[in-house]
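Enquirer: Shown below is the structure under consideration.
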Amino acid sequence: MSKRTLIFLFFCISFLILTTTVYSTTNLTAKDDVVRVQLLGMNDFHGQLNTYQELFGQKVGGAEYVAAYIKKLKKEHSLLVHAGDMVGASPPISAFYLDEPTIEFLNQLNVDIGTLGNHEFDRGVNEMNRLLNGDPKTGYKGSTTTYISANVLNKQTNSPLLPPYTIKELDGINIGFIGAVTTETNDYVVYKNREQVNIIDEVTAINKATEKLVEKGVKTIVVLAHVSAKSQVSGSNPELDLVEMAPFIHDEVDVMFAGHNHGYANTVVDNKLIIQGYSAGKAISEVLLDIDRKTGDIIKKEGNIHLTLHNFIEPDEETIKLLNNYQAMLSHETNEVIMTIPKPISRKTNNKGNSPLGEMVAMSMMHEMNADMAFTHHGGIRSSLQKGEITFEDIYSSLPFDHKVVKIHLTGNQIKNVLEQQWKKEKENLLQPIGISYTVNHDEQFGNKIEDLTDKNGDKLIPNKIYSVALSDYLAQGGDGFSSFRVGKTVVTESYIRDIFVNYLKNRNLAYR
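Read in order, the letters of the sequence shown are residues 669 to 1181 in my numbering.
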């Protein structure tokens, strides 16, 4: 056995030990009086059917490995759940078909219960409903998963758009599930795609649904929350929104599956087990509950995170057939080689929020629109470009959203107001600029951080002078919380960003060969 293999095995054993959070609530009763329930969880899959990731230097992810691990892990009294963002920002194998392939995959897995994430709204409420409920016109049958959400309200009726909760029975034990999505959806989804709904406070909605479940005599309650959380592998240092909410959430809630920030969480806060397994199929989260059959009380709860390591399992054959069917349907256009690059172009940002890929995307927009400057946001760029041949599929995977390039007019003062919103609510959300420079005074309060604002020639921006700005229609409509862009007058709207970026790369192909 090689040294590298030994080191990897040591890592796996250490990770297994550290990724188990055990929490006992009462004294153990007789074995025959205890029901062992398993909950397997996914979050933030984003349609990554045929993409693979690296975690701790090991290959993980891909639908065929996700399916293999779920089938291997599944026990007798088990439910499979997810915490939202299963679609959106998807690669071509899913996005080209309106994410129907991902829903088909989830149906094949027999996902029992799911909730909405912010990306389920990417194409609007009507398309979300079609994706979940099916389309008689095309024969698409929709999702077999029970979807729940307590804090997404139909604006016309002021009632939940979906059932706020559901009750599932396992071996005589009733378990209540409540769904919730982060209110940050109001920033991340442009108004036109959510104008039919109101997304209300998560804690208020969860507590209201919990009271309903308690009235029905349900004692085991699980929240599927597309709300951020993270912890150390040991469970220490829990933080982010769901952790902060935990003390204010009803004491009858026992477990909360988290999502949204694509991180690791396996911790207990205010007697509530909070768990999240990274994103994009890199891991499966598992909760084991020992429940007293007579009283319905949880005796013990345990959380585990299982990495979908390729080295330790054979891929699922049923899923491979599904992937092969859709891969064969993809247009030959996706395999067209656009260019060849000698080294990766990374989307990873530095401490100023800039990345090589983000800079190139912004540059392509500025050139296309003949603008004074351009902005893009890194949330719209989902993967780096790897060295070697770059195909249209690579570009689509990197820029999966159907965002178009627009040119707007803003004054120097208005541009400064936009830049100040990078610290809205004290959360840093940095834009990728091109054609403009500035310094940041982090000691100043929100609204006064931007200093020394200059244009591409090094001249100070004039407060009342009008400048032309290239950006996505998403940002122009106030996406990602940048509402100050909305004051800009739209001059012209052009093609999809990815198409403009492809043309930009083609015209500069020789420089990268």
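Glycine included, each C-beta is placed from N, C-alpha and C at the ideal position.
1) Residues in its own chain within less than 8 Å of His1077 by CB, not counting five upstream and five downstream?
2) From Gly810 to Gln776, what does the alpha carbon distance come to, in whole angstroms?
3) Between Phe1150, Gln1145, Ile1063, Tyr1142, which has its C-alpha nearest Tyr1172's C-alpha?
4) Buried or exposed for Asp659, going by 16 or more other Cβ atoms inside 10 Å?
5) CB-CB under 8 Å to Ser1023, same chain, minus the five flanking residues each way: which ones, in chain order?
6) For the beta strand (DSSP E) that contains Gly945, what are its first and last residues?
7) Taking 9 Å as the cut-off, decide whether the C-beta atoms of Ile771 and Thr834 are in contact.
8) What are the start and end residues of the beta strand (DSSP E) that includes Met754?
9) Helix, strand or coil for Arg961, going by three-state DSSP, please let me know.
10) Take Asp869 and list the residues in its own chain whose beta-carbon comes closer than 8 Å to its own, dropping the five residues that flank it on each side.
11) Apart from the five residues on each side of it in sequence, which residues of its chain come closer than 7 Å, Cβ to Cβ, to Gly885?
12) In its own chain, which residues sit with a C-beta less than 6 Å from the C-beta of Ala736, not counting the 5 before and 5 after it?
13) Quick one: Cα of Ala757 to Cα of His714, how far?
14) Please classify Ile1104: does DSSP put it in a helix, a strand, or coil?
15) CB Val749 to CB Asp839, shorter than 9 Å?
16) On the DSSP letters alone, give me the boundaries of the beta strand (DSSP E) that Asp922 sits inside.
17) To the nearest angstrom, how far is it from the Cα of Phe678 to the Cα of Lys739?
18) Taking only the alpha-carbon atoms, compute the straight-line gap between Met754 and His787 and give it to the nearest angstrom.
19) Who pairs with Tyr808 in a beta bridge, going by DSSP?
20) Return yes when the Cβ of Phe1169 is within less than 9 Å of the Cβ of Ser999, no when it is not.
21) Residues in its own chain within less than 8 Å of Asn718 by CB, not counting five upstream and five downstream?
22) Hey, is the stretch 1084-1093 in contact with the stretch 1055-1069, meaning 3+ C-beta pairs nearer than 8 Å?
23) Between the Cα of Val921 and those of Ile843, Tyr932, Val858, Ala933, spot the shortest distance and give me the residue it belongs to.
24) With DSSP as the reference, please indicate the residues paired to Arg1015 in a beta bridge.
25) Out of Phe1060, Thr1161, Val937, point me to the one whose CA is closest to Lys1075's CA.
26) Taking C-alpha atoms, which residue in Glu954, Gln1145, His930 lies nearest to Lys742?
27) Given this structure, state the Cα-to-Cα distance separating Asp938 from Val895, to the nearest angstrom.
28) For Lys1128, which of Leu1143, Lys1117, Lys1084 has the nearest alpha-carbon?
29) Out of Leu747, Ser1152, Lys1055, Val891, which one is the CA nearest neighbour of Leu708?
30) For the pair the stretch 964-975 and the stretch 945-953, tell me if three or more CB-CB distances fall below 8 Å.
31) Can you give me the C-alpha to C-alpha distance between Phe1069 and Ile988, rounded to a whole angstrom?
32) Going along the chain, which unbroken runs of the alpha helix (DSSP H) with 4 or more residues stay wholly within the stretch 866-895?
33) When the distance is taken between beta carbons, is Lys1072 closer than 9 Å to Ile1165?
34) Work out the CA separation of Leu784 and Pro828 for me, nearest whole Å.
35) When you compare each of Val1108, Asp1040, Leu1098 to Gly1080 by their alpha carbons, which one comes out closest?
36) How long is the line joining the alpha carbons of Lys876 and Glu722, rounded to whole angstroms?
Expert: Concretely, from the data shown:
1) Mapped onto the sequence shown, residue 1077 falls at position 409. Within the same chain, His1077 has close Cβ partners Ile1134, Tyr1135, Ser1136, Val1137, Gly1156, Lys1157, Val1159.
2) Counted from its first residue, the sequence shown places residue 810 at position 142. Counted from its first residue, the sequence shown places residue 776 at position 108. For Gly810 and Gln776, the distance between alpha carbons rounds to 12 Å.
3) For the purposes of this step, residue 1172 is identified with residue 504 of the sequence shown, where counting begins at 1. Of the listed residues, the one whose Cα sits closest to Tyr1172 is Ile1063.
4) The structure shown does not extend to residue 659, since the chain is modelled only from 669 through 1181, so no value can be given for it.
5) What you label residue 1023 is simply residue 355 of the sequence shown in a count that begins at 1. If you ignore the 5 residues before and after Ser1023, its C-beta comes within less than 8 Å of the C-beta of Ser1014, Arg1015, Lys1016, Thr1017, His1046, Ile1049, Gln1100, all in its own chain and listed in chain order.
6) If you number the sequence shown from 1, residue 945 lands on position 277. Gly945 -> beta strand (DSSP E) spans 940-945.
7) Position 103 of the sequence shown holds residue 771. Position 166 of the sequence shown holds residue 834. No, the Cβ-Cβ distance between Ile771 and Thr834 is not below 9 Å.
8) If you number the sequence shown from 1, residue 754 lands on position 86. Where Met754 is concerned, there is no enclosing beta strand (DSSP E), given that its DSSP letter is neither H nor E.
9) Stepping through the sequence shown from its first residue, residue 961 is reached at position 293. Coil at Arg961, not helix or strand.
10) In the sequence shown, counting from the first residue as 1, residue 869 sits at position 201. Here Asp869 has Asn819, Thr851 as same chain residues with Cβ atoms under 8 Å from its own Cβ, once five neighbours each way along the sequence are excluded.
11) On the sequence shown, residue 885 is found 217 positions in, with the first residue counted as 1. Result list for Gly885: empty, nothing under 7 Å.
12) On the sequence shown, position 68 is the one that residue 736 refers to. Residues Ile981, Pro983, Asp984 of the same chain have their beta carbon placed closer than 6 Å to that of Ala736, with the five preceding and five following residues left out of the count.
13) The count along the sequence shown starts at 1 and reaches residue 757 at position 89. The count along the sequence shown starts at 1 and reaches residue 714 at position 46. Taking the straight line joining both Cα atoms gives about 6 Å.
14) In the sequence shown, residue 1104 corresponds to position 436, counting from 1. In the three-state DSSP reduction, Ile1104 falls in the strand class (E or B).
15) Along the sequence shown, one-based indexing puts residue 749 at 81. Along the sequence shown, one-based indexing puts residue 839 at 171. Not closer than 9 Å, so no.
16) Start at 1 with the first residue of the sequence shown, and residue 922 comes out as number 254. For Asp922, the enclosing beta strand (DSSP E) begins and ends at 921-925.
17) The residue labelled residue 678 in the question sits at position 10 within the sequence shown. The residue labelled residue 739 in the question sits at position 71 within the sequence shown. Low confidence applies here, because Phe678 scores a pLDDT of 49, under 50, leaving its location unreliable; read the following figure in that light. So the alpha carbons of these two residues sit roughly 25 Å apart.
18) Indexing the sequence shown from 1 puts residue 754 at position 86. Indexing the sequence shown from 1 puts residue 787 at position 119. Taking the straight line from one Cα to the other gives about 8 Å.
19) Residue mapping note: residue 808 aligns to position 140 of the sequence shown, counting from 1. Beta-bridge pairing links Tyr808 to Asp803.
20) In the sequence shown, counting from the first residue as 1, residue 999 sits at position 331. In the sequence shown, counting from the first residue as 1, residue 1169 sits at position 501. No, these two residues do not count as a Cβ contact at 9 Å.
21) Taking the sequence shown and counting its residues from 1, the one referred to as residue 718 is at position 50. Correct list, in chain order: Gly730, Ala731, Pro759, Ile761, Leu991, Gln995.
22) No contact exists between the stretch 1084-1093 and the stretch 1055-1069.
23) By one-based count along the sequence shown, residue 921 stands at place 253. The residue with the shortest Cα to Cα distance from Val921 is Ile843.
24) As a first step, residue 1015 is located in the sequence shown; it is residue number 347 there, counting from the start. The partner list for Arg1015 (beta bridge, DSSP) is empty, contrary to what the question assumes.
25) Here the question's residue 1075 lines up with position 407 in the sequence shown. Per the Cα distances, Thr1161.
26) The residue given as residue 742 occupies position 74 in the sequence shown. It is Glu954 whose Cα lies nearest to the Cα of Lys742.
27) Along the sequence shown, one-based indexing puts residue 938 at 270. Along the sequence shown, one-based indexing puts residue 895 at 227. If I take the Cα positions, the gap works out to 17 Å.
28) For this step, residue 1128 is matched to residue 460 along the sequence shown. Selected option, being the one with the closest Cα: Lys1084.
29) Numbered from 1 along the sequence shown, position 40 holds the residue referred to as residue 708. Answer by Cα proximity: Leu747.
30) The stretch 964-975 and the stretch 945-953 touch, with no fewer than 3 CB-CB distances between them shorter than 8 Å.
31) Position 401 of the sequence shown, counted from the first residue, corresponds to residue 1069. Position 320 of the sequence shown, counted from the first residue, corresponds to residue 988. Roughly 26 Å separates the two Cα atoms.
32) For secondary structure counted as the alpha helix (DSSP H) over 4 or more consecutive residues, the stretch 866-895 holds these complete runs in sequence order: 870-883.
33) Along the sequence shown, one-based indexing puts residue 1165 at 497. Along the sequence shown, one-based indexing puts residue 1072 at 404. Yes, the Cβ-Cβ distance between Ile1165 and Lys1072 is below 9 Å.
34) Taking the first residue of the sequence shown as 1, we reach residue 828 at position 160. Taking the first residue of the sequence shown as 1, we reach residue 784 at position 116. Each residue's Cα considered, the two are about 12 Å apart.
35) Taking the sequence shown and counting its residues from 1, the one referred to as residue 1080 is at position 412. Selected option, being the one with the closest Cα: Asp1040.
36) Numbered from its first residue, the sequence shown carries residue 876 at position 208. Numbered from its first residue, the sequence shown carries residue 722 at position 54. Separation of Lys876 and Glu722 (C-alpha to C-alpha, rounded to the nearest whole angstrom) is 40 Å.
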